[in-house]
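Visitor: Just passing along the structure, written as structure tokens.
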Ligand code: LMR
């Protein structure tokens, strides 16, 4: 049966963890995967999460099945975060939200549903995009194309190119957009550019699918909801995948959600019934623990305020690391202006390093990054930053 099975390549991001874990050097640094670490190099357990977890463990809840669509209080809290607590769409019953296995699970639920609705549609992802977007939509059976996004020469968005690509797509194409903190480049659209993207989707009959994995890591919860809210005002049908992996530091709990905006409450009921079928035939119903913690935090004014302050700490530390990186690279003679790193938002920096330079970082210095040159700024800290800056400067010489 397995005689002809080929060995699949390692995952371009999670595969780096495997290689990193196998590396015996004690001063190794993992800037590959998008995970936030504290300045001590530790994965944080947020205080708001600990408080919710303590209460949950003390209550010793029984372990029954959840409804197929997940915990209602969680689904409602997700909607409020994404669309705003006073959203007219939520009040009109036009948003369907289901709990999902992380942001990736939400994307896959949406992809499987869309494949039934628009089997011939093309999926367009940004060039470049998160490595898993292409693989995920292809595995759902779609043809995946790129739309222009990043201009390496100016280290910013090729917006004219992006609009031209969107306008050239056939109607009903599915456009995957990074709602904030673009992964991998860290380069986001301005408000005015988002307005034009919304108009292009409307004028060309495209189906937007917003991937929101980093809400709160650029400017804050509401500010980072800008793109979702502009689409909400547009009257379009659209999809949003969202994740609490990073913002709650709950990576391994797989806490995400799929939200779909429809035209009416009645349409929402039909759409929900279909998403429930996708869930039921994949994994039956979602797990309880992580989502119940998030629901507790988001529905308690005190814990919510604590969480937002912890999120702000993470955001501010990443920004400080961007400043430090730029400064240290200059001090260590990198010989290039890295100030563009300060304009990038979220966990990542598209450093401009080539695959060859990234390989040298790994083999010669034990520093792991994605081969595209993406580094996770959220894994830098005051102890490893000098080593990283020295190593980057060395491979640039
Ligand atoms: C990343 O881009 O590193 C994260 O989103 C983790 C992942 O699943 O790839």
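In the UniProt record's numbering, the protein residues as written are 3 to 399.
Ideal placement from N, C-alpha and C gives every residue a C-beta, glycine not left out.
No experiment lies behind these values; they were computed from the predicted model shown.
1) Using 8 angstroms as the threshold, is the region 91-100 in touch with the region 121-135, meaning 3 or more CB pairs across them?
2) Whose C-alpha, out of 290, 68, 387, 370, is nearest the C-alpha of residue 324?
3) Quick check on residue 101: does DSSP put it in helix, strand or coil?
4) Does the region 207-214 come into contact with the region 358-375, if we say contact requires no fewer than three beta-carbon pairs (one atom in each stretch) closer than 8 angstroms?
5) Please indicate yes or no: does the CB of residue 35 lie closer than 6 angstroms to some heavy atom of the ligand LMR?
6) Should residue 298 be labelled buried (16 or more other beta-carbon atoms within 10 Å of its own) or exposed?
7) Nearest to residue 347 by alpha carbon, out of 241, 290, 191?
8) Mind checking whether residue 133 and residue 14 have CB atoms under 7 angstroms apart?
9) Please go through the same chain and pick out, in chain order, the residues whose beta-carbon is closer than 8 angstroms to the beta-carbon of residue 83, but skip the five residues on each side of it.
10) Could you check how far apart the C-beta atoms of residue 398 and residue 336 are, in whole angstroms? I think they sit under 8 angstroms.
11) Any heavy atom of the ligand LMR closer than 6 angstroms to the beta-carbon of residue 185?
12) Quick one: using the 10 Å Cβ neighbour count with 16 as the cut-off for buried, is residue 365 buried or exposed?
13) Looking at residue 313: is its Cβ nearer than 7 angstroms to the Cβ of residue 53?
14) Out of curiosity, what's the CA-to-CA distance linking residue 89 and residue 237?
15) Here's the rule: buried if 16 or more other CB atoms are within 10 angstroms of the residue's CB, otherwise exposed. What is residue 27?
16) Looking only at DSSP bridge pairs, what is residue 316 linked to?
17) In angstroms, rounded to a whole number, what distance separates the CA positions of residue 140 and residue 396?
18) What is the residue span of the beta strand (DSSP E) that residue 126 lies within?
19) With a 10 Å radius around its C-beta and 16 neighbouring C-beta atoms as the bar for buried, classify residue 111 as buried or exposed.
20) Could you check where the alpha helix (DSSP H) with residue 163 kicks off and where it finishes?
21) To the nearest angstrom, how far is the alpha carbon of residue 327 from that of residue 280?
Guide: The relevant details are as follows:
1) Three or more beta-carbon pairs separated by less than 8 angstroms are not found between the region 91-100 and the region 121-135, which leaves the two stretches without contact.
2) Checked all of 290, 68, 387, 370; the closest Cα to residue 324 is 387.
3) Strand.
4) A contact between stretches requires three or more CB pairs, one per stretch, nearer than 8 angstroms, and the region 207-214 fails this requirement with the region 358-375.
5) The nearest non-hydrogen atom of the ligand LMR is less than 6 angstroms from the C-beta of residue 35.
6) Counting every other CB atom within 10 Å of its CB across the protein chains shown gives residue 298 a total of 16 or more, marking it as buried.
7) In terms of CA proximity to residue 347, 191 leads the group 241, 290, 191.
8) Contact flag set, yes.
9) Closer than 8 angstroms at the Cβ level, and outside the excluded window around residue 83, lie 217, 223, 227, 244, 300.
10) Going by Cβ atoms, the distance from residue 398 to residue 336 rounds to 5 angstroms, so yes, they are a contact pair.
11) Distance from the C-beta of residue 185 to the nearest heavy atom of the ligand LMR is below 6 angstroms.
12) Exposed: under 16 other Cβ atoms inside 10 Å.
13) No, they are not a contact pair.
14) Approximately 13 angstroms, taken between the alpha carbons.
15) Exposed, by the Cβ-count rule.
16) In the DSSP assignment, residue 316 forms no beta bridge with any residue.
17) Using only the alpha carbons, I get a separation of about 39 angstroms.
18) Following the DSSP letters along the chain, one finds residue 126 inside the beta strand (DSSP E) bounded by residues 124-129.
19) Residue 111 comes out buried.
20) DSSP places residue 163 inside the alpha helix (DSSP H), whose first and last residues are 161-170.
21) Rounded to the nearest angstrom, the two C-alpha atoms are 44 angstroms apart.
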